[in-house]
Amino acid sequence: CYMEPYLDFLSELSLKYNFNVLIIGSGRSNHLYERFRLIEWSEPKEVQDIQEMDIGIMPLPNDKWAQGKCGYKLIQYMATSIPVIASPVGMNLQIIDHGVNGFLASTQLEWEQAICNLITQPEIRKKMGIEASKMVKSQYSLQSQAQAVTNVFNSLEN
C-alpha cells in the first residue's frame with residue numbers, strides 16, 4: 115500500500131491538528147491508528163465516500179510502476195472540489211498546478227506544510243477545491259473531450 119510509509123506521520127499530524135484520516139481501499143491494516151478509519155472500496159459508494167473528505171492525498175514512490183499511473187484518484191478527488199496533495203510523480207505533475215488546485219509534496223516537511231496550509235486555512239482549501247473542479251471539467255470531463263472522441267470515430271470512417 116502506498117499509504118504505509120505515511121501512516122505514522124499522518125497519525126502524528128492527525129493528533130496535532132485534530133483531524134481524522136479516511137483510507138478507502140482493499141485489504142486490512144495490521145495496525146490502525148486512533149484517528150483512522152479504513153473502509154473497503156465499493157463502486158456504488160465511491161463518490162459518496164470521496165465526498166466525506168476535505169483533502170485528498172496521493173502519495174507515491176518515485177518508481178517505474180508509479181510513474182506509469184494515470185492520476186485517476188486525483189481526478190476523482192478534484193472532480194468533487196476537493197483540493198489534493200500528491201507526490202510529484204508521473205501524471206501528478208501534469209494534473210496538479212502546484213499552489214493553485216493542489217500541492218505537490220516530496221519530503222515529509224513538504225507534506226506537513228501542505229496539510230497544515232489546507233487544514234488551518236479553509237479559504238485556501240475552498241479556493242483550491244474550486245480550481246481543482248474547474249480543471250477537471252475543462253480537461254477531463256466528457257463534455258471537454260466529446261469533440262476529440264467524435265474526431266477519432268470520424269477518422270475511422272474515412
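Each residue of the sequence shown is one higher than the last, beginning at 115 in the working numbering. For each residue, glycine too, the CB sits at the ideal point set by N, CA and C.
Assuming the contact rule is C-beta atoms closer than 8 Å, S247 and A193 should be a hit. Round their C-beta distance to whole Å, please.
Between A193 and S247 the Cβ distance is about 6 Å, and since that is below 8 Å, they are a contact.
Which residue comes first and which comes last in the alpha helix (DSSP H) that contains L174?
Note, L174: premise wrong, no alpha helix (DSSP H); not H, not E.
Count the C-beta pairs between the stretch 147-154 and the stretch 175-183 that are closer than 8 Å, then say yes if the count reaches three, no if not.
Verdict: no, contact absent.
By DSSP's criteria, A219 is part of a beta bridge. Which residues make up the other side?
Partner(s): none; A219 has no beta bridge.
Considering only their Cβ atoms, is the gap separating L174 from V214 smaller than 8 Å?
no
Mind checking L218: buried by the 16 CB within 10 Å criterion, or exposed?
buried
Got a sec? Which residues, its chain only, sit under 7 Å from Q165 by beta carbon, not counting five neighbours each side?
T194
Cβ-based neighbour list, Y131, same chain, cut-off 8 Å, excluding 5 preceding and 5 following:
I229, C230, I233, T234
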